[in-house]
């Protein structure tokens, strides 16, 4: 079982961080806003979503430089969602990736506005993607907007409630996971393929891949919350259980959740199979994500 | 002096509200999210920004049906900004347009997420604008994203601070007004012209018009805050003075602020002059906005 990300991953992350840093010099922003966005977007995160965008672009035969703007855009959407989810009115988290959360460090007003600014920066970036035809620009914007809508809907269901409480518990937790985490991971993959101007067959393969790893990623997250200690992960664990939240381990048991994650890993790998050598890093990343412990 | 909006305004607003209502049936949203967005976006507002988008599209020779998606997008951005600005951590307002604000009615978590959802819906809508060439789609997204960034930067300066406190007071208040209110009004106008595929001369005229009425609008708002009573406006007045905020009347005096508003009104009207009869409603609207009392 791979305990480290693929070797090429470090190089890709450095490329993403440089591109994010370049974007932070938005001249019209007050320093406080820039500082809080830097804290949110350049902390010790995994940069999984933008890496998926660059790697899917490569996997369908595109040059990954074409996907750099969409890649940063998905990371900014992810970072914005964490800043708002951490707020006292939502999850009330004081620690994220081993650091104080944005509202703890910069105050609640700044955290709300920094989250807002990251979202508008993300969409602005899409306007900078090189596009040969109007369909590409609009497809990217539509993809990111729909995924963001679904992510927010999932957060409402998870935090405030309002879902169908009579539904089967597995269906309930699956819906929340697919919306809250899965939608943006799926879009991260699809946007890489769209930026590469992939044909329908390749886009379909990447969609299946994105949906499978999206759900797998969150199931593994549920398992980490049950099995790992805070000192290992850098964020509070055991929270889902404390909050009485539905999770895959609480519905299927730890082994049942692990089996489902492995099934999704195989489905994701299968979807990539006809893309051949170009998808090798993506295959390695899938294997790593299935058994990561933080 | 016109005390009512132009006669055609009612018809335009009804068209905008029908289009917003159509968008609220986003199938993936929990009911609570839809209800809170409806409360925020379909209350008793002026719908000034989307009206400007439709009317500028017409004024440069476009069919206003082309600008309906950008029009709703700017209104959703405006509505999102009000929901977040009203939050306890920012302006802490409980009353807006004579109704409870979103966080008072639906709770703070829902208000934060509803604001977020309105922003992503706005950008998603731009992807539905009919575009003949990639430049149009990307110009619309870029325009809205830049204006939203500037609006948020203005809100940071206004609420949290961080501006240059040694600058001339008039320069300080002008910068905040141009960012917090002016940028989105300017974009509302420019997006109508972009959706109409206006030539450079027409877009330049609309830009001057948008900048002039953008600043004029906020100066008139400052004057209303000084001169009118809450029972007339449906929102709390005298707030700027209580909060010790810099405003045009506090820097230039009431008459000085009124003179500046009138100068900007004339500048706006002048910018439209070569567009002729097609810009008549826009001309009437400008005259009304210069002397509105709520």
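Chains as they are written, first to last, in this note's numbering: chain A, 32 to 325; chain B, 32 to 325. Beta carbons are placed, not taken as given, at the ideal position from N, Cα and C, and that holds for glycine.
Partner residues on chain B for residue i, Cβ-Cβ distance less than 8 Å
i, result
"residue 243 of chain A", "Near residue 243 of chain A there are no residues of chain B at all, since even the closest Cβ is about 20 Å away, more than 8 Å."
"residue 181 of chain A", "59"
Contacting residues, own chain, Cβ-Cβ under 8 Å from residue i (five flanking each side not counted)
i, result
"residue 260 of chain A", "268"
"residue 170 of chain A", "225"
"residue 237 of chain A", "87, 90, 91, 220, 221, 223, 224, 229, 302"
"residue 75 of chain A", "128, 129, 130, 265"
Contact with chain B by residue i, beta-carbon distance below 8 Å
i, result
"residue 120 of chain A", "yes"
"residue 190 of chain A", "yes"
"residue 187 of chain A", "yes"
"residue 132 of chain A", "no"
"residue 184 of chain A", "yes"
"residue 275 of chain A", "no"
"residue 102 of chain A", "no"
"residue 176 of chain A", "yes"
"residue 322 of chain A", "no"
"residue 162 of chain A", "yes"
DSSP state of residue i mapped onto helix, strand, coil
i, result
"residue 131 of chain B", "strand"
"residue 211 of chain A", "helix"
"residue 180 of chain A", "helix"
"residue 65 of chain A", "helix"
"residue 164 of chain A", "coil"
"residue 144 of chain A", "helix"
"residue 197 of chain A", "coil"
"residue 111 of chain A", "helix"
"residue 297 of chain A", "helix"
"residue 289 of chain B", "helix"
"residue 240 of chain B", "helix"
"residue 310 of chain A", "helix"
"residue 34 of chain B", "coil"
"residue 203 of chain B", "helix"
"residue 98 of chain B", "helix"
"residue 172 of chain B", "helix"
"residue 39 of chain B", "coil"
"residue 302 of chain A", "helix"
Beta-ladder partner(s) of residue i, from DSSP
i, result
"residue 126 of chain A", "A:131"
6 Å Cβ shell around residue i - same chain, five flanking residues per side excluded
i, result
"residue 172 of chain A", "157"
"residue 86 of chain A", "312, 313"
"residue 80 of chain B", "105, 106, 109, 219"
"residue 152 of chain B", "107"
"residue 179 of chain A", "108"
"residue 201 of chain A", "282"
"residue 316 of chain A", "37"
Interface partners of residue i on chain A, CB under 9 Å
i, result
"residue 143 of chain B", "115, 118, 120, 121, 143, 146"
"residue 249 of chain B", "Those within 9 Å of residue 249 of chain B in chain A number zero; the least Cβ separation is about 17 Å."
Residues that residue i contacts on chain A, provided the C-beta gap is smaller than 7 Å
i, result
"residue 173 of chain B", "155, 158"
"residue 81 of chain B", "Residues of chain A passing the Cβ test: none, with the nearest at roughly 18 Å."
CB contact below 8 Å: residue i versus chain A
i, result
"residue 225 of chain B", "no"
"residue 55 of chain B", "no"
"residue 222 of chain B", "no"
"residue 139 of chain B", "yes"
"residue 151 of chain B", "yes"
"residue 73 of chain B", "no"
"residue 278 of chain B", "no"
"residue 169 of chain B", "yes"
"residue 203 of chain B", "no"
Contacts that residue i makes with chain B (C-beta to C-beta distance below 7 Å)
i, result
"residue 64 of chain A", "184, 187"
"residue 193 of chain A", "61, 62, 63"
Contacts of residue i in chain B (Cβ-Cβ under 9 Å)
i, result
"residue 287 of chain A", "Here the premise fails: no neighbours, minimum Cβ distance about 27 Å."
Same chain, Cβ closer than 7 Å to residue i, neighbours up to 5 away in sequence not counted
i, result
"residue 102 of chain B", "47, 81, 84, 85"
"residue 249 of chain B", "208, 212, 213"
"residue 162 of chain A", "168"
"residue 240 of chain A", "220, 299, 302, 303"
"residue 42 of chain A", "none"
"residue 51 of chain A", "72, 73, 103, 106"
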